[in-house]
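Below is one structure, written out as structure tokens; comments come after it.
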Amino acid sequence: MIESKNPSAIRSQKEITKTLISLMKKHPYNEITVKHILLESKLARKTFYRNFESKDDVLYSLIKKTFREYFMIVNTAEGDVLTTIFSYVEKNQELLLLLDKNNMLYIPLQCMNEYGPFLRSTLLSERNPFNQLFEGLDSEYLMGLNIGAIWNVISLWIHRGMQESPDEIKTTIEQYLTRLKQTKV
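Per the numbering used here, residue 15 is the first one in the sequence shown, and the count goes up by one each step.
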């Protein structure tokens, strides 16, 4: 996405993004074209290309935006990190279910792996719950562990249609971690 503070560009970007999501509800992602987005949104081709390079750019921009929001929530979270994470996933349920329907849940993981270390190094707050856990350790490995583990749990939950409550999943994870601490390897 081409960053802009111009109100007209911001409106166009929102309309294009909203249209792509709307089309994804009706059609497989790989069948959607820029032309479909333009016809549905009634925007001009030049407006699209002033804001985005491709339909993939629209989707990646949306995912990066939601990931930035997620990071900011976790970065300033008070209390339980897992509850914060699952609440955020529920808030973005529509997008995540659409990605799952199109076998594209790898994209948020890819964005987290690419964008997470940058956000951690530039936006880390004192209140981030991982500060104390990562202190003195190689944070890149630990971020990989955390992102990979929790994303696989989230992906499974999404793939199952988000039937279980976040509390059920959280309890399972907490019980497993307790058993892991008690096990001598």
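All C-beta atoms, glycine included, are put in the ideal place defined by N, C-alpha and C.
| Member of K78, D181, L151, Q107 whose CA lies at the smallest distance from the CA of F1 | Absent from the model: residue 1. The displayed extent of the chain is 15 to 199, so no value can be given.
| task | Can you grab the Cα-Cα spacing for the pair L191 / W171, in whole Å? | result | 19 Å
| said: In whole angstroms, give me the CA-to-CA distance for I30 and P42. | reply: 17 Å
| task | State the DSSP-derived secondary structure class of M15, mapped to helix, strand or coil. | result | coil
| So, using beta-carbon positions, are M15 and F85 closer together than 8 Å? | no
| Would DSSP call E149 helix, strand or coil? | coil
| message | My parser needs the alpha helix (DSSP H) runs of 4 or more residues fully inside the stretch 17-41; what are they? | response | 21-40
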